[in-house]
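Notes for the one structure printed next.
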Amino acid sequence: MNPYVLTILLSSLGLGTTLTFASSHWLLAWMGLEINTLAITPLMAQHHHPRAVEATTKYFLTQATAAAMILFASTTNAWVTGEWSINDMSSPAANTMLMTALALKIGLAPMHFWMPEVLQGLDLLTGLILSTWQKLAPFALIVQTAQTVDPLLLTMLGVASTLVGGWGGLNQTQLRKILAYSSIAHMGWMIIVVQYAPQLTLIALGTYIIMTSAAFLTLKISLTTKVSTLATAWSKSPVLASTTALVLLSLGGLPPLTGFLPKWMILQELTKQDLPIIATTMALAALISLYFYLRLCYTMTLTVSPNTTNSTTPWRVQTTQTSIPLALSIVATLGLLPMTPTILMLTT
């Protein structure tokens, strides 16, 4: 892609998200979401592969539907209350419609069906943008409007997403689909606590972005998109294979890794709010997700790929990919748990 075009598209991505962050008027927020969608569409279709074009079409249709629902919900609220302000959503019907549209935008269950299919059709870097940056603007709106939404709706979305994210990833062989289901499960954890402690949602979103970036960049540097090819990764780069296993366990939420921090805090908050059954359900759903992360770790570090040749290892040229972002994200993914008191003090 032409560097000038790429610069314009990435600037538009940043502009769309910033516009939604800064807006207090529904039309401006909607405009930011639309700029975001239109900026990432050419990035998704840049390879001109039928799968990429199909993924782009699916993504565009779902995002356009969600944007139309947001516009309709905000117009309905303005019709009933005479207010276009984001913080003044007092119509229950408009609130429910809005939360459903935002859930469709970020891929919460049961509006998640587009997410694995779209991510599967993209290359790893565009998939990374879709899984991380594209979640920021909708989440800004969710955090601002969550206090007026029916708690039952948010609880149902959260529990359904963690369960679907766990079950959906169990039988997958494609790593991008596994990361898509992982994303759905993490979104469920964020949405379940947004009404009780929005700062925990932001902490969970931050740690999710760091861990997912580490996972995608690792797969990109090792040129891996299928579970079967993970088995050959250890011979190419043993250090990267061992750190990848730890990154996956961090995504699963095992202590003493960074991924344990948001889950621990969210379970603690749910227990404080006298919701022990929901907290137990979420913890059990996290175990289902942990299974497929462990499966990937097993494939990557404990199995030797079947080989029929006894020849020496082929010559490998030095990689030209930049590894500094990968190194930084891996360090953050593995070592932020001791920073928990500092993070909590900064956010509360």
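Mapped onto the numbering used here, the consecutive letters of the sequence shown carry residue numbers 1 to 348. The beta carbon of each residue, even a glycine, is placed where N, CA and C say it ideally should be. Predicted, not measured: the structure shown is a model, and the values here were computed from it.
Tell me the DSSP secondary structure of residue i in three-state form.
| i | result |
| --- | --- |
| GLN174 | strand |
| LEU336 | coil |
| HIS186 | helix |
| SER311 | Here the model assigns SER311 a pLDDT of 49, short of 50, so the residue's position is not dependable, and the following value carries that caveat. Coil, per DSSP. |
| VAL143 | helix |
| GLN195 | coil |
| MET69 | helix |
| MET345 | helix |
| SER323 | coil |
| MET1 | coil |
| LEU287 | helix |
| THR349 | As shown, the chain starts at 1 and ends at 348. That puts residue 349 outside it, with no answer to give. |
| GLN268 | helix |
| LEU179 | helix |
| THR280 | helix |
| LEU275 | coil |
| THR148 | helix |
Looking only at DSSP bridge pairs, what is residue i linked to?
| i | result |
| --- | --- |
| SER85 | HIS25 |
| LYS263 | Paired residues: none, contrary to the question. |
Find out if the Cβ-Cβ distance for the pair residue i, residue j is shorter than 8 Å.
| i | j | result |
| --- | --- | --- |
| LEU124 | LEU219 | yes |
| ILE266 | VAL193 | yes |
| TYR181 | GLY165 | yes |
| ALA137 | THR17 | yes |
| LEU130 | ILE40 | yes |
| ALA77 | MET69 | Note on residue identity: the sequence assigns Asn, not Ala, to residue 77. No, these two residues do not count as a Cβ contact at 8 Å. |
| PRO151 | GLN195 | yes |
| LYS177 | PRO262 | no |
| ALA231 | THR303 | yes |
| LEU202 | THR258 | no |
| LEU370 | PRO325 | The structure shown does not extend to residue 370, since the chain is modelled only from 1 to 348, so the question has no answer here. |
| SER323 | SER213 | no |
| ALA67 | TRP30 | yes |
| TYR293 | GLY252 | yes |
| HIS112 | ILE209 | no |
| GLN144 | ILE86 | yes |
| ILE35 | LEU9 | no |
| LEU153 | MET99 | yes |
Can you name the start and end residues of the alpha helix (DSSP H) that residue i belongs to?
| i | result |
| --- | --- |
| THR303 | From DSSP, THR303 is part of no alpha helix (DSSP H); its letter is neither H nor E. |
| LEU157 | 151-169 |
Item to check | Runs of alpha helix (DSSP H) wholly within the segment 76-138 (minimum 4 residues, chain order) | outcome: Entirely contained in the segment 76-138, the alpha helix (DSSP H) runs reaching 4 residues are, in chain order, 92-106, 114-120 and 124-131.
Checklist entry - Considering only residues of the segment 202-256, which uninterrupted alpha helix (DSSP H) runs meet the minimum length of 4 residues and lie entirely inside it, listed in chain order? => result If only uninterrupted alpha helix (DSSP H) runs of at least 4 residues are considered, those enclosed by the segment 202-256 are 227-230, 233-236 and 238-252.
Next on the checklist: Which runs of the alpha helix (DSSP H) at least 4 residues long sit entirely within the segment 7-60? Give them in chain order.
Outcome noted: Taking only runs of at least 4 residues, the alpha helix (DSSP H) segments lying wholly in the segment 7-60 are 26-44.
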